[in-house]
Amino acid sequence: MPKRKKKRTHVVEEEERGNGATSLASTAQAAPRSMVVKHGGGENEPQLNDLVSDVRLLMSPATALKLKERKGAKIRDYAEMGPALGVTHLLAFSMNEGGNVNCKIARLPGGPTLSFKVKRFSLMKQVRAIQRRPIDTSSGIFQSAPVVVTNNFGGAEAAAHVKLMRITFQNIFPAVDVGTVRLSEIRRVVLFNLLKDEEEDVEVRHYAVRANPTGVNRSIKRVVQAKIPNLSKVDDIADYVVGNGGGMGGAMSDSEGEDESSQVILPQKFVGKGNAKSQKSALKLVELGPRIRLKLAKVEKGLVGGDVMYHAFVKKTLEEVKEQRAKFFEKEAIKKRRREEQEENVARKVRAKEEKKEAKQKRRELREMVMMDSLRAGGGGLQDQSDSDGGSGSESGSGDEDDA
Numbered sequence: 000m001p002k003r004k005k006k007r008t009h010v011v012e013e014e015e016r017g018n019g020a021t022s023l024a025s026t027a028q029a030a031p032r033s034m035v036v037k038h039g040g041g042e043n044e045p046q047l048n049d050l051v052s053d054v055r056l057l058m059s060p061a062t063a064l065k066l067k068e069r070k071g072a073k074i075r076d077y078a079e080m081g082p083a084l085g086v087t088h089l090l091a092f093s094m095n096e097g098g099n100v101n102c103k104i105a106r107l108p109g110g111p112t113l114s115f116k117v118k119r120f121s122l123m124k125q126v127r128a129i130q131r132r133p134i135d136t137s138s139g140i141f142q143s144a145p146v147v148v149t150n151n152f153g154g155a156e157a158a159a160h161v162k163l164m165r166i167t168f169q170n171i172f173p174a175v176d177v178g179t180v181r182l183s184e185i186r187r188v189v190l191f192n193l194l195k196d197e198e199e200d201v202e203v204r205h206y207a208v209r210a211n212p213t214g215v216n217r218s219i220k221r222v223v224q225a226k227i228p229n230l231s232k233v234d235d236i237a238d239y240v241v242g243n244g245g246g247m248g249g250a251m252s253d254s255e256g257e258d259e260s261s262q263v264i265l266p267q268k269f270v271g272k273g274n275a276k277s278q279k280s281a282l283k284l285v286e287l288g289p290r291i292r293l294k295l296a297k298v299e300k301g302l303v304g305g306d307v308m309y310h311a312f313v314k315k316t317l318e319e320v321k322e323q324r325a326k327f328f329e330k331e332a333i334k335k336r337r338r339e340e341q342e343e344n345v346a347r348k349v350r351a352k353e354e355k356k357e358a359k360q361k362r363r364e365l366r367e368m369v370m371m372d373s374l375r376a377g378g379g380g381l382q383d384q385s386d387s388d389g390g391s392g393s394e395s396g397s398g399d400e401d402d403a
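Take numbering that gives the first Met the number 0: the last position of the sequence shown gets the number 403, and nothing is skipped along the way.
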């Protein structure tokens, strides 16, 4: 018996599709999502690959950590697929032939686009290599979004491109609701520091928040943090606590400095042993990396194109700006006219195809009608011939009977 073919499939209603699209759009608005990719030259450079991986960790959890770029893909290819996945920002890194790294931050789907020159950077592994006590990154520290801090960007009196940089850096990360956030979710800090000089460079630093209980000596702290103490040089546990055994205890904890401004009373339980609610702990920032220094080169109104709103290296007069805008609008008008012509040509071809299909259907129906008429005409002639044959036979039979 042949296997039955499946002919019916699940049909998604249009209303459900609309609700799904609406919920996806609302989710994208509520929580920004980013896509960090590398494109153009330098796709096979190890340092560029490591930098992209580190930036993905910095942007986590609202980004794809294991995204694989398609070879030869352009920024517009990622921009077209991004909104369908709920992506709101695109960060694209590239390296030219001279080894210089560039970064573009684009707001999807319509822009603006900020183009940066990466003047220098340090990777996560390089930052950890110079630290005495690096942070443990396997404790789920990247499962919550970081707190964003912007410094030296000014207020209402700042330049337009500086305001745009500050707004962009803030909006690529999810906002923190102070009223509902849990203290255990604030594990990282991302700092964007604008250097007040002629270059207007932006320093990007990435830190982890570490809390250590204070108000106890080093011995008690080790016990609280579930660390097994060395009791080989003491006769009693009291000697270990008081510090009478070989200078082991009694000293102030190394995390408890003289600056009391870093010591706070925790309103909630924090990550780490001894950081309970209402416990006094000292907060410390431990750098995770990467370190990046950016230089804003250009701001474009559209998505990797459009009117140039700011350029750090090219200065134009008002007449040149007007001429450039006139050329841009003329180019857009030509593009719009060509698009309309293409749509009209496509519609004309579709109409011609439909007319050809209808004409073919009419010819088929006409042939069927002619064939049916011919069959009806042929059937009537045969019937008349059979009737005449039957009548003549009966008359001859009657004549024979009379002769008899």
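Cβ atoms here follow ideal geometry from the backbone N, Cα and C, with glycine treated the same way.
Item to check | Beta-carbon proximity check, Gly39 vs Gly305, cutoff 8 angstroms | outcome: Translated into the one-based positions of the sequence shown, residue 39 becomes position 40. Translated into the one-based positions of the sequence shown, residue 305 becomes position 306. No, the pair does not count as a contact, with Cβ atoms beyond the cut-off.
Checklist entry - To the nearest whole angstrom, what separates the beta carbons of Leu90 and Ile104, a pair I think is in contact under 8 angstroms? => result Within the sequence shown, residue 90 is the residue found at index 91, counting from 1. Within the sequence shown, residue 104 is the residue found at index 105, counting from 1. So it is a contact: roughly 6 angstroms between Cβ atoms.
Item to check | Lys37, buried or exposed, once every other Cβ within 10 Å from all chains shown has been counted against 16 | outcome: Counting from one through the sequence shown, the residue named residue 37 turns up at place 38. Buried, by the Cβ-count rule.
Item to check | Contact check, His205 vs Leu282, beta carbons under 8 angstroms | outcome: Here residue 205 corresponds to residue number 206 of the sequence shown, with the count starting at 1. Here residue 282 corresponds to residue number 283 of the sequence shown, with the count starting at 1. No, the Cβ-Cβ distance between His205 and Leu282 is not below 8 angstroms.
Checklist entry - In angstroms, rounded to a whole number, what distance separates the CA positions of Lys116 and Leu293? => result For this step, residue 116 is matched to residue 117 along the sequence shown. For this step, residue 293 is matched to residue 294 along the sequence shown. Going by the C-alpha atoms only, they are around 6 angstroms apart.
Checklist entry - With distances taken from CA atoms, which of Val189, Arg347, Val298, Glu331 is nearest Arg290? => result Position 291 of the sequence shown, counted from the first residue, corresponds to residue 290. The shortest Cα separation from Arg290 among Val189, Arg347, Val298, Glu331 belongs to Val189.
Checklist entry - What is the DSSP secondary structure of Gln142, reduced to helix, strand or coil? => result What you label residue 142 is simply residue 143 of the sequence shown in a count that begins at 1. Three-state result, Gln142: coil.
Checklist entry - Is Ser252 helix, strand or coil by DSSP? => result Position 253 of the sequence shown, counted from the first residue, corresponds to residue 252. Caution applies to Ser252, whose pLDDT of 38 falls short of 50 and renders its modelled position unreliable; the value that the coordinates give is listed next. Reduced to three states, the DSSP call for Ser252 is coil.
Item to check | Neighbourhood of Leu107 by C-beta, 8 angstroms cutoff - its chain only, sequence neighbours within 5 removed | outcome: Within the sequence shown, numbered from 1, the residue matching residue 107 stands at position 108. For Leu107, where only same-chain residues beyond five positions count, the Cβ hits under 8 angstroms are Ala78, Gly81, Pro82, Val86, Thr87, His88, Leu89, Leu302.
Item to check | Asp53 (DSSP reduced to helix, strand or coil) | outcome: Your numbering for residue 53 matches position 54 in the sequence shown. Three-state DSSP puts Asp53 in a helix.
Checklist entry - Just curious, the alpha helix (DSSP H) that Glu160 is in, first and last residue? => result Sequence index remark: in the sequence shown, residue 160 carries index 161 (1-based). The residue asked about is misnamed: residue 160 is His in this sequence, not Glu. From DSSP, the alpha helix (DSSP H) with His160 extends over 159 to 170.
Checklist entry - Roughly how many angstroms separate the alpha carbons of Ala351 and Ser373, rounded to a whole number? => result Numbered from 1 along the sequence shown, position 352 holds the residue referred to as residue 351. Numbered from 1 along the sequence shown, position 374 holds the residue referred to as residue 373. About 33 angstroms.
Item to check | Through-space distance from Lys297 to Val263, alpha-carbon basis | outcome: Residue mapping note: residue 263 aligns to position 264 of the sequence shown, counting from 1. Residue mapping note: residue 297 aligns to position 298 of the sequence shown, counting from 1. Rounded to whole angstroms, Val263 to Lys297 spans 43 angstroms at the Cα level.
Checklist entry - Does the Cβ-Cβ distance between Leu193 and Val201 come in under 8 angstroms? => result Here residue 193 corresponds to residue number 194 of the sequence shown, with the count starting at 1. Here residue 201 corresponds to residue number 202 of the sequence shown, with the count starting at 1. A contact, by the Cβ cut-off of 8 angstroms.
Next on the checklist: Given this structure, state the Cα-to-Cα distance separating Met123 from Asp53, to the nearest angstrom.
Outcome noted: Reading the sequence shown from its first residue, position 124 is the one you call residue 123. Reading the sequence shown from its first residue, position 54 is the one you call residue 53. Their Cα atoms are separated by approximately 7 angstroms.
Checklist entry - Just checking my contact of Asn211 with Ser280 at CB under 8 angstroms: how many whole Å lie between their CB atoms? => result Here the question's residue 211 lines up with position 212 in the sequence shown. Here the question's residue 280 lines up with position 281 in the sequence shown. The pair is a contact, with the Cβ atoms about 6 angstroms apart (cut-off 8 angstroms).
Next on the checklist: Let's test the definition: count the other Cβ atoms within 10 Å of the Cβ of Ala207 and tell me whether it reaches 16, buried, or not, exposed.
Outcome noted: Taking the sequence shown and counting its residues from 1, one reaches residue 207 at position 208. Answer is buried; the Cβ neighbour count reaches 16.
Checklist entry - Asn150 by DSSP, collapsed to three states: which one? => result Numbered from 1 along the sequence shown, position 151 holds the residue referred to as residue 150. In this structure, Asn150 counts as strand in the three-state DSSP scheme.
Item to check | Secondary structure of Ser137, DSSP reduced to three states | outcome: Reading the sequence shown from its first residue, position 138 is the one you call residue 137. It is coil, neither helix nor strand.
Next on the checklist: Assuming Ala78 is part of the alpha helix (DSSP H), what are its boundary residues?
Outcome noted: Locating residue 78 in the sequence shown gives position 79, where the first residue counts as 1. It spans 74 to 80 - the alpha helix (DSSP H) in which Ala78 sits, taken as one unbroken run.
Next on the checklist: Can you tell me whether Glu299 is buried or exposed? The criterion is at least 16 other CB atoms within 10 Å of its CB, across all chains shown.
Outcome noted: Counted from its first residue, the sequence shown places residue 299 at position 300. Result: buried.
Item to check | Which listed residue (Arg55, Pro45, Arg69) has its alpha carbon closest to that of Ala63 | outcome: The sequence position of residue 63 within the sequence shown is 64, counting from 1. If we check each option's Cα against that of Ala63, Arg55 comes out closest.
Checklist entry - Using the rule of at least 16 other Cβ atoms within 10 Å of the residue's Cβ for burial, across every protein chain shown, is Lys355 buried or exposed? => result Within the sequence shown, numbered from 1, the residue matching residue 355 stands at position 356. That one is exposed.
Item to check | Distance CB(Leu295)-CB(Leu113) smaller than 8 angstroms | outcome: For this step, residue 295 is matched to residue 296 along the sequence shown. For this step, residue 113 is matched to residue 114 along the sequence shown. Yes; because the gap between Cβ atoms is below 8 angstroms, this pair is in contact.
Checklist entry - Going by DSSP, what residues sit across from Val117 in a beta bridge? => result Within the sequence shown, the letter at position 118 stands for residue 117. Val100, Leu293, per the DSSP bridge assignment.
Checklist entry - In terms of residues, what are the limits of the beta strand (DSSP E) holding Ala174? => result In the sequence shown, the residue the question calls residue 174 occupies position 175. Where Ala174 is concerned, there is no enclosing beta strand (DSSP E), given that its DSSP letter is neither H nor E.
Checklist entry - By DSSP, does Gln360 sit in helix, in strand, or in coil? => result As a first step, residue 360 is located in the sequence shown; it is residue number 361 there, counting from the start. Gln360 falls in the helix class under three-state DSSP.
Next on the checklist: Here's the rule I'm using: 16 or more other beta-carbon atoms within 10 Å means buried, otherwise exposed. How should Lys65 be labelled?
Outcome noted: As a first step, residue 65 is located in the sequence shown; it is residue number 66 there, counting from the start. Label assigned to Lys65: exposed.
Item to check | Assigned secondary structure, Arg337 (DSSP; H/G/I helix, E/B strand, else coil) | outcome: Here residue 337 corresponds to residue number 338 of the sequence shown, with the count starting at 1. Helix, per DSSP.
Next on the checklist: When you compare the CB of Asp200 with every CB in chain C, is at least one pair closer than 8 angstroms?
Outcome noted: Although the question refers to chain C, the structure presented lacks it and comprises just one protein chain.
Checklist entry - Quick one, are the C-beta atoms of Ile129 and Arg187 less than 8 angstroms apart? => result To locate residue 129, count along the sequence shown from 1; it is residue 130. To locate residue 187, count along the sequence shown from 1; it is residue 188. For Ile129 and Arg187, no; Cβs fall outside 8 angstroms.
Item to check | Span separating the alpha-carbon of Lys70 from that of Asp76 | outcome: Here residue 70 refers to the residue found at position 71 of the sequence shown. Here residue 76 refers to the residue found at position 77 of the sequence shown. Approximately 11 angstroms, taken between the alpha carbons.
Next on the checklist: Can you tell me where the beta strand (DSSP E) holding Gln262 begins and where it ends?
Outcome noted: For the purposes of this step, residue 262 is taken as the residue at position 263 of the sequence shown. Note, Gln262: beta strand (DSSP E), 262 to 264.
Next on the checklist: So, with DSSP's three-state summary, where would you put Ser59?
Outcome noted: As a working mapping, residue 59 is identified with position 60 in the sequence shown. Looking at Ser59 - three-state DSSP - the assignment turns out to be coil, as it is neither helix nor strand.
Next on the checklist: For Met371 and Lys348, what's the separation of their Cα atoms in angstroms?
Outcome noted: Working through the sequence shown from its first residue, we reach residue 371 at position 372. Working through the sequence shown from its first residue, we reach residue 348 at position 349. C-alpha separation (whole angstroms): 35 angstroms.
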